[in-house]
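From first to last, the protein sequence lines are chains A and B. Residue 19 in the numbering used here sits at position 19 of the first sequence; the count goes up by one each step and never skips. The numbering used here runs 1000 ahead of the 1-based position in the second sequence. To start, the structure under review is shown below, and the notes come after it.
Protein chains: 2
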Amino acid sequence: MTAPENWQQRLAAATESRGRLCVGLDPHPGILQAWGLPDDLSGLAGFAGTVVSAFAGRVAVVKPQLAFFEAHGHRGLAILEQLTSAFRQAGTLVLLDAKRGDIGSTMAAYARTFLAPDGPYAADALTVSPYLGVRALAPAYELAAETGAGLYVLCRTSNPEAGWQLSGEPTLAQQVVTDCRAVNAELGSAVLGLVVGATRQLDVELPGTELSVLAPGFGAQGAQLGELDQLYGTVAPAVLPTASRSVLAAGPGVDALRAALADHLAQLPARADGQEREQA
Amino acid sequence: MTAPENWQQRLAAATESRGRLCVGLDPHPGILQAWGLPDDLSGLAGFAGTVVSAFAGRVAVVKPQLAFFEAHGHRGLAILEQLTSAFRQAGTLVLLDAKRGDIGSTMAAYARTFLAPDGPYAADALTVSPYLGVRALAPAYELAAETGAGLYVLCRTSNPEAGWQLSGEPTLAQQVVTDCRAVNAELGSAVLGLVVGATRQLDVELPGTELSVLAPGFGAQGAQLGELDQLYGTVAPAVLPTASRSVLAAGPGVDALRAALADHLAQLPARADGQEREQA
C-alpha cells in the first residue's frame, strides 16, 4: 500500500500537464453584467456552465470565490456544488477561496465540508485565515494530510489595508511562514501553503520552494505573469499564479475564454522542465 | 426623518427587555446526537425547529454558527435562512457567526449576503476576521452603518492556539481595538464591536463601554456568568455574554431549554438598571 499523493505532488502533476495557472472564478455582479447575464440565480448558472465548458480539463486549477455563490442564497451554493464536481471529474483541481478560520468543532466542520471526500463541497484545496492561530487550523490540516488536499494560509496580502501583516518582530506574515513550516514538518507532508499577493515586492522571507505559494493579483490587479521570476526570485518555482478578471474579461464566449487562457499560459516564464512552453 | 437606530441601541433595547444573553446555536454532530437526532438534514431541521420554539422572542440574541449549517450542503443553508427569518420575526436579534474577512468586491458580497435587508441570510450582526486589515472590512461596516447592523471583529480569543494575538507592540489584539475605535469615530456610530473571549484574564485594554464586546466561552467553556463583572471590570456593562453548550445541553425538550435559559439569566449580575433581575 503506497501513501496517497500529497497536495504538492498532485499540484505538480496538474500544472505539468496543463500549465502553471490558477484561474479565479469570481462571478461578482460586474462580471455577470459584462457577460450579459442577470445578477441572479439564472445568471450565476449561466456563468458556471460557461466556465465549465471553457476550462474543465484544460486548466490545472480553478479557484471559485465562495462568497459570490453564497450571495445568491442556498441555491447559489447548489450551483457551486455542481461546478466543483464538474471540474474535478474533468481532472481540474478545485481550490475553494473561502478564507475560513475557526476553532475546535467549528474548524472540524469546515474541514469535513470542504475537504472530506464525501463533503458537500468536496474540493482539492481551501484558503484559510490564521487570526485564531495557525495551530487552530489543525482539524483541517490533519484531514488534508489524510486526503491529499491542500490548505493555503493567508500570509502576506497585497491589499492596501493589510499593512499590519508587517508589524511585530518577527512580523505577523513571518510568524505564519514559521508556523506553517513547523506544521508541515510534523505532518511529514507539505499540506500547508501560503497566500502571498503578487502586486508588491516580496517583503516576507519564504523558504525557497518548500511551501507552495498561491499568488493572487496577476493580470487585472497589476502584476504580469512574465514577471513571475523577478517578483518571487528563488521562490518562483513554488508559485501558483492566479488570474481572474484578466481571463474572465474575454468571456462570455467559450472560444474567447480558451484563447485568453492560452494567452496567459504563453506569458509564463519557462520552467526548467520546459513543460509550460510546450503547453502554451 | 430620524436616523435609524444603530446596533448598540438595538442591542440595548433587546437585552433590556429579554436579558443580556446571547445563545449560541451550534448544531454540531455531538449536540444532534445528544438530542437523539440524526447527523443529517432531517436532524438539522429538527434542531432548528426546537430552538425556534424554545427561544424565539424569549432571548435577546441568538448566534447561529454558520459552519454547522453549511456542513449539510446547500439544503442546510436553506434551514439557516428559515431559522434566521423566524427568530427575527419574533424580535430576537440574529448574530451570524461566520468570521468572514476579505477585500473589495468579495467583502462587498459578504456584506450584501449577511447584512443587506434583502440579503439571503439577512441578519442583525455578523462576526468578521481582521487578518486582511480592519479597514478591508469597509464594505461591511459601511453597509452596517446604514442598516443598523453590527459587526464583531475577532480581537482576543481564548483558544490556546491564539497566543500570537498578544505579539507585537502594540499587540495584534490592541491594534484591532484601536482600528475599530477609529472606524466607529469616523462612522459616527458604534457599528464595530469586538470578540473577546471570556475564559481568561483580560489581557487587552478596552475603552470602557465604548465598544460592544461579544464574549463567547461562558458556561461549558469555563467562565461563569456570575463572574462577568470580575472578568471584565469596567468593561462589563458593554459585554454580551454568550453561552451555547451549557444551554443546549438541557435539550431537546422545549421546556427544559427555556428553564436552562432562565437559569443562565438568573446567574447574570444585576445591572444598574435592574432590568435583568426582573426578567430572570
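A virtual CB, placed ideally from N, CA and C, is assigned to each residue, including glycine.
Under DSSP, the beta strand (DSSP E) around residue i begins and ends at which residues?
i, result
"residue 152 of chain A", "150 to 156"
"residue 76 of chain A", "Here residue 76 of chain A belongs to no beta strand (DSSP E); instead the alpha helix (DSSP H) covers 73 to 89."
"residue 1140 of chain B", "First-last for residue 1140 of chain B: 1138 to 1147, but that is the alpha helix (DSSP H), not the beta strand (DSSP E)."
"residue 1234 of chain B", "Looking at the DSSP string, residue 1234 of chain B is not in any beta strand (DSSP E), and its letter there is neither H nor E."
"residue 194 of chain A", "192 to 196"
"residue 1023 of chain B", "1022 to 1025"
"residue 1166 of chain B", "Counting along the chain, residue 1166 of chain B falls outside any beta strand (DSSP E), and DSSP gives it neither H nor E."
"residue 1216 of chain B", "1213 to 1218"
"residue 1128 of chain B", "1125 to 1128"
What does the alpha-carbon distance come out to for the pair residue i and residue j?
i, j, result
"residue 1157 of chain B", "residue 1198 of chain B", "8 Å"
"residue 1080 of chain B", "residue 1048 of chain B", "8 Å"
"residue 5 of chain A", "residue 184 of chain A", "15 Å"
"residue 1120 of chain B", "residue 1074 of chain B", "12 Å"
"residue 1056 of chain B", "residue 1260 of chain B", "15 Å"
"residue 23 of chain A", "residue 51 of chain A", "10 Å"
"residue 89 of chain A", "residue 1127 of chain B", "35 Å"
"residue 18 of chain A", "residue 60 of chain A", "5 Å"
"residue 151 of chain A", "residue 1262 of chain B", "43 Å"
"residue 244 of chain A", "residue 1229 of chain B", "50 Å"
"residue 137 of chain A", "residue 1098 of chain B", "15 Å"
"residue 248 of chain A", "residue 77 of chain A", "20 Å"
"residue 26 of chain A", "residue 1170 of chain B", "36 Å"
"residue 54 of chain A", "residue 222 of chain A", "24 Å"
"residue 1030 of chain B", "residue 15 of chain A", "40 Å"
"residue 122 of chain A", "residue 1250 of chain B", "34 Å"
"residue 1125 of chain B", "residue 1100 of chain B", "12 Å"
"residue 84 of chain A", "residue 1269 of chain B", "50 Å"
"residue 41 of chain A", "residue 206 of chain A", "41 Å"
"residue 13 of chain A", "residue 224 of chain A", "24 Å"
"residue 1238 of chain B", "residue 210 of chain A", "46 Å"
"residue 1102 of chain B", "residue 215 of chain A", "15 Å"
"residue 1265 of chain B", "residue 1087 of chain B", "19 Å"
"residue 1134 of chain B", "residue 1187 of chain B", "14 Å"
"residue 1257 of chain B", "residue 1032 of chain B", "15 Å"
"residue 253 of chain A", "residue 70 of chain A", "25 Å"
"residue 192 of chain A", "residue 64 of chain A", "19 Å"
"residue 66 of chain A", "residue 1038 of chain B", "27 Å"
"residue 1011 of chain B", "residue 255 of chain A", "54 Å"
"residue 195 of chain A", "residue 1046 of chain B", "39 Å"
"residue 1181 of chain B", "residue 1173 of chain B", "13 Å"
"residue 1144 of chain B", "residue 1114 of chain B", "10 Å"
Taking the alpha helix (DSSP H) that residue i belongs to, which residues open and close that run?
i, result
"residue 1177 of chain B", "1172 to 1187"
"residue 1050 of chain B", "1041 to 1055"
"residue 29 of chain A", "29 to 34"
"residue 112 of chain A", "104 to 115"
"residue 1101 of chain B", "Neither: residue 1101 of chain B is in no alpha helix (DSSP H) and is coded neither H nor E."
"residue 1270 of chain B", "Premise fails: residue 1270 of chain B is in no alpha helix (DSSP H) and is neither H nor E."
"residue 15 of chain A", "7 to 18"
"residue 247 of chain A", "245 to 248"
"residue 67 of chain A", "66 to 70"
Give the interface partners of residue i over in chain B, defined as CB-CB distance under 7 Å, in chain order.
i, result
"residue 68 of chain A", "1109"
"residue 131 of chain A", "1129, 1130, 1131, 1154"
In chain B, which residues lie with their C-beta within 8 Å of the C-beta of residue i?
i, result
"residue 163 of chain A", "1133"
Identify the contact partners of residue i in chain A, using a Cβ-Cβ distance below 7 Å as the criterion.
i, result
"residue 1102 of chain B", "67, 99"
"residue 1028 of chain B", "105, 109"
Cβ closer than 9 Å: which chain B residues qualify as neighbours of residue i?
i, result
"residue 172 of chain A", "1131, 1164, 1167, 1168, 1172"
Could you name the residues of chain A that residue i contacts, counting a contact when the two beta carbons are closer than 9 Å?
i, result
"residue 1073 of chain B", "74, 77, 78, 81, 113, 119, 120, 121"
Assuming residue i contacts residue j under a Cβ cut-off of 8 Å, what Cβ separation, rounded to an integer in Å, is found between them?
i, j, result
"residue 1212 of chain B", "residue 1240 of chain B", "6 Å"
"residue 1117 of chain B", "residue 1092 of chain B", "Contact doesn't hold; Cβ gap of about 17 Å is too wide."
"residue 226 of chain A", "residue 267 of chain A", "5 Å"
"residue 235 of chain A", "residue 155 of chain A", "That belief does not hold up - the Cβ atoms of residue 235 of chain A and residue 155 of chain A are roughly 12 Å apart, past 8 Å."
"residue 1111 of chain B", "residue 68 of chain A", "So it is not a contact: roughly 13 Å between Cβ atoms."
"residue 1141 of chain B", "residue 129 of chain A", "Going by Cβ atoms, the distance from residue 1141 of chain B to residue 129 of chain A rounds to 18 Å, so no, they are not a contact pair."
"residue 164 of chain A", "residue 1175 of chain B", "6 Å"
"residue 189 of chain A", "residue 219 of chain A", "Not really, about 31 Å apart at Cβ, beyond 8 Å."
"residue 1028 of chain B", "residue 167 of chain A", "Actually they are not in contact, since the Cβ atoms of residue 1028 of chain B and residue 167 of chain A sit about 35 Å apart, beyond 8 Å."
Chain A partners of residue i, CB-CB under 8 Å?
i, result
"residue 1159 of chain B", "103, 104, 132, 133, 136"
"residue 1175 of chain B", "164, 167"
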